[in-house]
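Going by this note's numbering, the sequence shown opens with residue 5, and the numbers climb by one from there.
Take a look at the structure below.
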Amino acid sequence: MNFEPTDQDIVVNADELRAFASQLYQKADVPKVDADAVAHLQVETDLHGIHSHGTRALAGYVRGILGGRINPTPNLTITR
Numbered sequence: 005m006n007f008e009p010t011d012q013d014i015v016v017n018a019d020e021l022r023a024f025a026s027q028l029y030q031k032a033d034v035p036k037v038d039a040d041a042v043a044h045l046q047v048e049t050d051l052h053g054i055h056s057h058g059t060r061a062l063a064g065y066v067r068g069i070l071g072g073r074i075n076p077t078p079n080l081t082i083t084r
């Protein structure tokens, strides 16, 4: 695989993208700790080349939160 950017690619600093994504989630009422976690995972996914599940989904998630289709503060319980 060739990971060198082409003339058509937009290269963004990962830390800056992480901060930007977290800020967007926080503006949509996602708690900071959760916003930071999701932003981190999405950027890491991008860095592993899986763009379909990375920050490419960011706008859709924020729209879902703002539209009431995604709960920004779920009360999750993990059981085994």
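Virtual Cβ for every residue (Gly too), placed ideally from N, Cα, C.
For clarity, every value in this text was computed on a predicted model and none was experimentally measured.
In terms of residues, what are the limits of the alpha helix (DSSP H) holding Ile-69? 62 to 70
What number of angstroms, rounded off, separates the C-alpha of Phe-24 from the C-alpha of Tyr-65? 14 angstroms
Taking its Cβ as the centre, do 16 or more other Cβ atoms sit within 10 Å of Gln-27, making it buried, or is it exposed? exposed
Leaving out the 5 sequence neighbours to the left and right, which residues in its chain are closer than 6 angstroms to Val-15 when beta-carbon positions are compared? Pro-9
Inter-residue spacing [alpha-carbon to alpha-carbon] between His-52 and Gly-72: 30 angstroms
Inter-residue Cα distance where the pair is Lys-36 and Glu-20: 16 angstroms
Can you check the region 11 to 41 for any alpha helix (DSSP H) of at least 4 residues that lies completely inside it and give the ranges in chain order? DSSP runs (the alpha helix (DSSP H)) wholly in the region 11 to 41: 18 to 31.
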